[in-house]
Amino acid sequence: MTQGTDIGRDTTGRVANGEEATVQGQAEILQILDNFVESMALKCVVELGVADALNSDPHGHNSPMSLSQIAARIPFPNLDMDRLSRVMRFLSYRKVFNATVDKESGETVFGLTNASKWLLTDNKSESLVPAVLLATHPCAMAAWNCLSTSVAEGGACGFSRANGLTLYDFQSKNHEYKRVFGEAMACNSRVVMKAVLEHYKDGFNDVGTIVDVGGGSGAAVAEIVEEHPHIKGYNFDLPDVVAGAPKYPNITHVGGDMFATVPINADAIFLKWILHNWSDEKCVQILKNCRKALAEEKGKLIIVEAVVRPKSESLFDLEAQRYDLKMLVISPSGKERNEEEWKKLLELGGFSRHTIIEIPSFLSIIEAFPS
Ligand SMILES: C[S@@+](CC[C@H](N)C(=O)[O-])C[C@H]1O[C@@H](n2cnc3c(N)ncnc32)[C@H](O)[C@@H]1O
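Just so we're aligned, residue 2 is where the sequence shown starts under the working numbering, counting upward by one.
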């Protein structure tokens, strides 16, 4: 019988000493390389509605379900049960679902885990379904195939190369993609705002007026004001964006251009997921305009953005690193920044002092104060 050396194992099945590091390296690359399998399996169960099926027990017991019980709750009459069982076996191995054997029937039954609860569609502030659908959308995936060309040649980003138009021009022509993109942004905002409101409560205590610069529909500032009713809120965005924004109590929509001026004086400016879209030069312009609009004594800027860290030390550090490449692929100048880059940018924009506050999210809060 062939001894184990040709497969990198000794006779006891242990990886042979001399080859240990090489085999370990192979396994590490395979783990990174095949991460797309997890993404696509997530997409599969989201599109089939598996988590919702597992949550659809009319008595609200959420008891584990066999494959056929899941299938009965999925609206696809030609479901291939063998394929579904393999997808479920894999995602249970990856701890997205909890697979156990039912003592009475001997059948494998599946239940939700803390991870798959985020795949429920009706769990608005705790759902990542729209994020799954955007990340795995064919137009988004095609952009990644142009990553190497965009790095090798510079110029257009992966998204423009793959889809023929910049992200925003493409959305104006492709309404399905625009909807998927918009829903993913709103999903991200709901999830992040929950963390901001729960973990930055005191940060709003001494704020009388707040402006959300690039606030889109105004949903974020509306949530802040709802939670802190002593605050008067303004939502500032491009004129055509605020023209279509819904009305919220205690919120005034103001249209304008943040590169020209922020035309409202305030105690605080909220800047969520704006600066990562722009080059350093453009960011400095925005920051200087925010600085001019802030109260001299107690004014502060509340930035909500990723902070890229060199090593994985907290739950979300990998996601912040990944987001930098996501920005690289969809935008010619957008990027995520590390602590040093934030410090430099803020100083150039007129904010000499800042504190980074970690919240349970892949975004952090950066409180910045005028000099
Ligand atoms: C990525 S979205 C972020 C929206 C929101 N802050 C959030 O976190 O969901 C960027 C926003 O910046 C706005 N924006 C782009 N250019 C702008 C400008 N020159 N002046 C004001 N707002 C602008 C866009 O309309 C959009 O609503």
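Here a beta-carbon is modelled for each residue, glycine too, at the ideal position from N, C-alpha and C.
The alpha carbon of Val226 has as its nearest neighbour, out of Leu239, Phe370, Phe205, Gly216, the alpha carbon of Phe205.
Your pair Asp268 and Gly209 checks out as a contact, with CB atoms roughly 5 Å apart and the cut at 8 Å. Checking the 7 Å criterion, the Cβ of Lys289 is out of range of every heavy atom belonging to ligand 1. Between the alpha carbons of Ser67 and Cys147 lies a gap of roughly 42 Å. As the crow flies, the alpha-carbon of Glu348 is around 9 Å from that of Ser372.
DSSP places His176 in the uninterrupted alpha helix (DSSP H) bounded by 176-200.
For the pair Gly159 and Val330, the CB atoms are nearer than the 8 Å cut-off.
Taking all protein chains in view, the Cβ of Ala153 is surrounded by fewer than 16 other Cβ atoms within 10 Å, so the residue is classified as exposed. In this structure, the alpha-carbon of Glu199 lies about 17 Å from that of Glu306.
Under a 10 Å Cβ-count criterion, Asp213 is classified as buried, with 16 or more other Cβ atoms of the shown protein chains found around its own Cβ.
The region 42-55 and the region 71-79 touch, with three or more beta-carbon pairs separated by less than 8 Å. In the structure shown, Tyr249 adopts coil according to DSSP, grouped into three states.
The beta carbon of Tyr324 sits closer than 6 Å to those of Ala307, Glu337, all from its chain and outside the five residues before and after it, given in chain order. A heavy atom of ligand 1 is found nearer than 7 Å to the CB of Leu239. Between Thr101 and the set Ala116, Ser64, Glu342, the nearest pair of CA atoms involves Ser64.
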